[in-house]
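This report refers to the structure that appears directly beneath it.
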Amino acid sequence: MGGYGHGMMDHFGWWGFHGFGWILMILWWGLILAGLVFLLRWLFLMGSKGSTKGQREDKAVEILRQRYASSEIGKEEYEEKLKDLQR
Numbered sequence: 064m065g066g067y068g069h070g071m072m073d074h075f076g077w078w079g080f081h082g083f084g085w086i087l088m089i090l091w092w093g094l095i096l097a098g099l100v101f102l103l104r105w106l107f108l109m110g111s112k113g114s115t116k117g118q119r120e121d122k123a124v125e126i127l128r129q130r131y132a133s134s135e136i137g138k139e140e141y142e143e144k145l146k147d148l149q150r
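Residue numbers (the working numbering): 64 to 150.
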């Protein structure tokens, strides 16, 4: 009656807690995968933030040049605003 292979293993078997072991394993690997995705996105966004400032400044200078070329602003205003943008 109390031989090898009997006892608690009769109730849980190979499936873990009545079949929930594989669900917990999937959840565990899902959390690990989600953490890796979050980490990679965060690293990618941190790296691209430095270049965003330069892109905005380039766009602002381009708009300023277009306004000067279309005579929307004068030479003095163009030079003043360009100096402000280059600071």
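Backbone N, C-alpha and C define an ideal beta-carbon position, used for all residues, glycine too.
Which residue's Cα is closest to the Cα of residue i: the options?
i: E120; options: W85, A97, Y141, Q149; result: Q149
i: E125; options: I95, L145, R104, W92; result: L145
If I follow the unbroken alpha helix (DSSP H) through residue i, where does it start and stop?
i: E135; result: Per DSSP, E135 belongs to no alpha helix (DSSP H) and is neither H nor E.
Please go through the same chain and pick out, in chain order, the residues whose beta-carbon is closer than 7 Å to the beta-carbon of residue i, but skip the five residues on each side of it.
i: Y131; result: Y141
i: K122; result: none
i: I136; result: R130
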